[in-house]
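Line order of the protein sequences matches chains A and B.
Its first residue numbered 8, the first sequence is counted upward by one per residue in my numbering.
Its first residue numbered 7, the second sequence is counted upward by one per residue in my numbering.
Glycine included, each C-beta is placed from N, C-alpha and C at the ideal position.
Note that the structure is predicted; figures quoted are calculated from it, not measured.
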Amino acid sequence: MGGDAVRHLTEEEMVLHQLGEAEGAPAIEAHLEECAQCRAAVDALRRDLEAVPVPEPPERGADYGAEVWARLQPRLAGEPKVVAIDARRSWAPRVWAPLALAASLVLAFLLGRHWPHAAPPPAAASVSPAARERILLVAVGDHLERSEMLLVELVNAGVDGQSADISAEQHWAEELVGANRLYRQTVARTGETGVASVLDELERLLVEVAHRPSSLSPAERDEIRHRIESRGLLFRVRVIETQVREKEKESLGTPAAARAVS
Amino acid sequence: MVGGEDDAQAVARARGGDVEAFRLLVERHSRGVFRLAFRMTGNEHDAEDVVQETFLKAYRKLAAFEERAQFGSWLHRIAANCAYDVLRARLRHDERVDRTETAEGERTLSVPADDPSPDRLVAGTEVRRRMRAALARMSALERSAFTLRHVEGMSIAEISHALGLDASAAKQSVFRAVRKLRQALGDQAQWGATP
């Protein structure tokens, strides 16, 4: 800001400086120290802002809170009961260990199937193929159920027109990505291309949700909602979950049917 | 003693489905939400609507509320957004509103100069009269952003979060609002506050 041709502060710089939001505040302050013209302009701006009256709201009585509640309560009666996401997710740690075991068994299963000469891990050695398949079905079914819950949360995230904080959903998505990848690879290798395709699309969404900023603008939230709804991802996840659960039941009822999934 | 518990405790109970705990939060924060709503809308009736809508939305979103956050700040962000919606709706539907396009393509609120409804914003002084004129020339976004910054003392980051904007857009909205305000105020040396 020195030199022969002095660059004075722009109006925007002055306003933002006055509001404490200017970038390069030290340089602006240094310029104001030296430039009487800009200093006078900033003083005028400050006087203008100080002159702006603060609207004083009309007083409300001591019972105002109770009055607000009386009007609000009937509207809340039609709302679903609040169940915190944390509470809904509280079962996650409990199922995570079995899912991890299931995942290792799935890997063992794949190793046994596709690399028959490889020595099976100890866990796989003691589990029959039918049991492994059943574990796979249960694990995939649970994974789809959790994914479905997350998709529902994302579709309903945020207040209309307001930024949405999806940090809780992001942690959830992070947890699901690894398992999803494993199940996608598994079902792809077993020839279940339809299921693999849905899991592939689900995985891309999970990765995107996990890695984006936790605050969604209304436009970003609408985009995610559109993506989930327009491609029928939520519906397809539900359909596949139902199919997997059916196979899970069959595998428990008829040993022969248990092998159908592969 | 339920009435003596702090927000964090009440929120924890409300998140567990305890409606009475939510009632406590409503009764405790109604006045603050009303004040914010009135300052943003400049209208008592609209402010009451904003209060109701704010608590309804807060109830719906309570499940996703992060307990380490401040409930009051979170609630005020919702209220600011509701008030912004009301301002936009008023712009679209109110018969008293002229619809004009600004250079930015946003519609601006236009209130007749002799309209007595914003009386609480003006008190007969030249400054207040011009202030009203300035507010009338602002878009809903500019007015919301300016009020939140200048009156409520929110940071640009908080404003952008509340109104669903990126920080740059929030900053520009405040800047445009101040510019319109100063244009309406004209030569402040004639009537402005003494230096």
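Would you mind telling me which residues of chain A sit closer than 7 angstroms to residue i, beta carbon to beta carbon, in chain order?
i	result
B:D4	For chain B, the structure presents residues 7 to 201; residue 4 of chain B sits outside this window and is missing.
B:R29	W76
B:R250	Because chain B here runs from 7 to 201, residue 250 of chain B falls outside it and cannot be looked at.
B:A204	Here chain B has residues from 7 to 201 only, and residue 204 of chain B is not among them.
What does residue i reach in chain A if we use C-beta pairs closer than 9 angstroms?
i	result
B:G48	P62
B:H167	Q169, S170, D172 and S222
B:V25	Q80, L83, K88 and V89
B:D172	S224
Does DSSP put residue i in a helix, a strand or coil?
i	result
A:A130	Caution applies to A:A130, whose pLDDT of 48 falls short of 50 and renders its modelled position unreliable; the model cannot decide the point.
B:A183	helix
B:D172	coil
A:L16	coil
B:S145	strand
A:D207	helix
B:S166	helix
B:S36	helix
A:A138	helix
B:D24	coil
A:P26	According to the sequence displayed, residue 26 of chain A carries Leu and not Pro. Note: A:L26 maps to coil in three-state DSSP.
A:D172	strand
A:S222	strand
Mind listing the chain B neighbours of residue i? Cutoff is C-beta to C-beta under 8 angstroms, in chain order.
i	result
A:R78	Q58
A:V22	V180, F181, V184 and R185
A:A175	A70 and E72
Rounded to whole angstroms, what's the CA-CA distance from residue i to residue j? Just pull it up for me.
i	j	result
A:A164	B:L191	42 angstroms
A:L241	A:V159	8 angstroms
A:T197	A:L183	21 angstroms
A:E40	A:R228	46 angstroms
A:A180	A:Q250	23 angstroms
A:K88	A:S221	25 angstroms
A:E215	A:E208	11 angstroms
A:M21	B:L169	24 angstroms
A:V162	A:R153	14 angstroms
A:A51	B:F61	41 angstroms
B:A14	B:L42	22 angstroms
B:D12	B:Q76	11 angstroms
B:E148	B:R29	33 angstroms
A:V194	A:A138	16 angstroms
B:E107	B:R143	A caution first: B:E107 carries a pLDDT of 43, below 50, which makes its placement in the model unreliable, though a value can still be read off. Going from the Cα of B:E107 to the Cα of B:R143 covers about 11 angstroms.
A:L151	A:V246	10 angstroms
B:M160	A:R238	39 angstroms
A:E210	B:K177	36 angstroms
B:S1	B:F40	Outside the modelled stretch of chain B, which goes from 7 to 201, sits residue 1 of chain B, for which no answer is possible.
A:A146	A:Q177	21 angstroms
B:S174	B:L154	15 angstroms
B:I162	A:E28	7 angstroms
A:H38	B:A183	25 angstroms
A:P65	B:G48	10 angstroms
By the criterion of Cβ-Cβ separation under 9 angstroms, what are the contact partners of residue i in chain B?
i	result
A:R67	S36, R37, F40 and R41
Using a threshold of 9 angstroms, state whether the C-beta atoms of residue i and residue j are closer than that.
i	j	result
A:E236	B:R66	no
A:P62	B:F44	yes
B:V56	B:A89	yes
A:V75	B:E33	yes
B:S145	B:M46	no
B:D58	A:R67	Here residue 58 of chain B turns out to be Gln, not Asp, going by the sequence shown. For B:Q58 and A:R67, no; Cβs fall outside 9 angstroms.
A:R191	A:A203	yes
A:C42	A:H24	no
Give me the chain B residues within the contact set of residue i, using Cβ-Cβ distance strictly less than 7 angstroms, ordered along the chain.
i	result
A:A73	E33
Taking C-beta pairs closer than 8 angstroms, name the residues in chain A that residue i reaches, listed in chain order.
i	result
B:R135	None at all; the shortest Cβ gap to chain A is about 11 angstroms.
B:R96	Here the premise fails: no neighbours, minimum Cβ distance about 15 angstroms.
Indicate whether at least one CB of chain C lies closer than 9 angstroms to the CB of residue i.
i	result
A:V59	Judged by its chain identifiers, the structure shown contains no chain C, and its protein chains are A and B.
Between residue i and the ligand MN, is the CB less than 8 angstroms from at least one heavy atom?
i	result
B:A89	Ligands displayed in this structure: none; no statement on the ligand MN is therefore possible.
Residues in the segment 138-156 of chain B having any Cβ partner in chain A nearer than 8 angstroms: R155 and H156
Residues within the segment 14-38 of chain A neighbouring chain B, beta-carbon criterion of under 9 angstroms: E18, E19, V22, L23, Q25, L26, G27 and E28
Residues of the segment 201-212 of chain A whose Cβ lies closer than 7 angstroms to any Cβ of chain B, in chain order: none
Chain A contacts made by the segment 63-79 of chain B, where a contact means CB separation under 9 angstroms: K63, A64, Y65, R66, K67, L68, A69, A70, F71, E72, E73 and A75
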